[in-house]
Structures are given as structure tokens and as C-alpha cells.
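Scroll down for the structure; my scribbles are underneath it.
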Amino acid sequence: MMKKSLLLATLIAAAALAACGKKEEVATAVDAAASATAQAASAATDAASAAAGAAADAASSAATAATDAAASAAAGAAAGAADAASAAGAAASAAIDAATK
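According to mature numbering (1 follows the signal peptide of the UniProt record, and there is no 0), the residues represented by the sequence shown are -18 to -1, 1 to 83, in order.
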């Protein structure tokens, strides 16, 4: 939006100066406006690139955290299953002992 406003202002200024017969100053104003527009576009591109890099870093960190949480949960579930299996084995052994007495 700012680039469009700058371009429109430049065109209006160029038309006004051309109507007054100051053609050399118009060319200088147009060149200055074009240079400012190019600098603004470059700054916007740099900002977008930095934002994209930050977003990629954040996504990578989130994926790592999710992977670590899933691995921890899986390890906890495996330990719980091992404990349950051990308890089931002990219960079966107790049942066998009780049946044989």
C-alpha cells in the first residue's frame, strides 16, 4: 500500500513539474522515488526472509519437543506394561500356589 501511495505521489509530482516546464527536476524526482521504492522493497524482502527463518526455527523446536514428549510417553507406557506383566505373572504364580495347596 505504501509503495502504491509513493508511486502515485511521484507521478503527481512529475506531472505538476512537467506542466511547469521543469523537466530536469522531474527526472531527478522520479529517479529518487524509484530508488526509495527499491530500498523499501529490499527492506520488506529482508524482513520477510528473517520472519520465515524464525518461523522455521520455531517449527523445528516444536517438532523436537513433540518427538521428545512422544518418546517419553512411550517409555512410560512400556515401563507400565512391564510392571503390569510382572504383576500378572505374580498373580498367576499365587493362583497356582493356592490351587496346589
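Idealized CB from N, CA, C, for every residue including glycine. Small disclaimer: the values here were computed from a predicted structure and weren't measured.
The distance from the Cβ of Leu(-11) to that of Ala18 is about 14 Å, inconsistent with a contact at the 8 Å cut-off.
Fewer than three beta-carbon pairs drawn from the region 20 to 31 and the region 56 to 72 are found closer than 8 Å, and the two stretches are therefore not classed as touching. In this structure, Val12 and Ala(-5) form a Cβ contact; the two beta carbons are roughly 6 Å apart against a cut-off of 8 Å. Going by C-alpha positions, Thr(-9) is about 6 Å away from Ala15. The beta carbon of Met(-17) sits closer than 8 Å to those of Ala22, all from its chain and outside the five residues before and after it, given in chain order.
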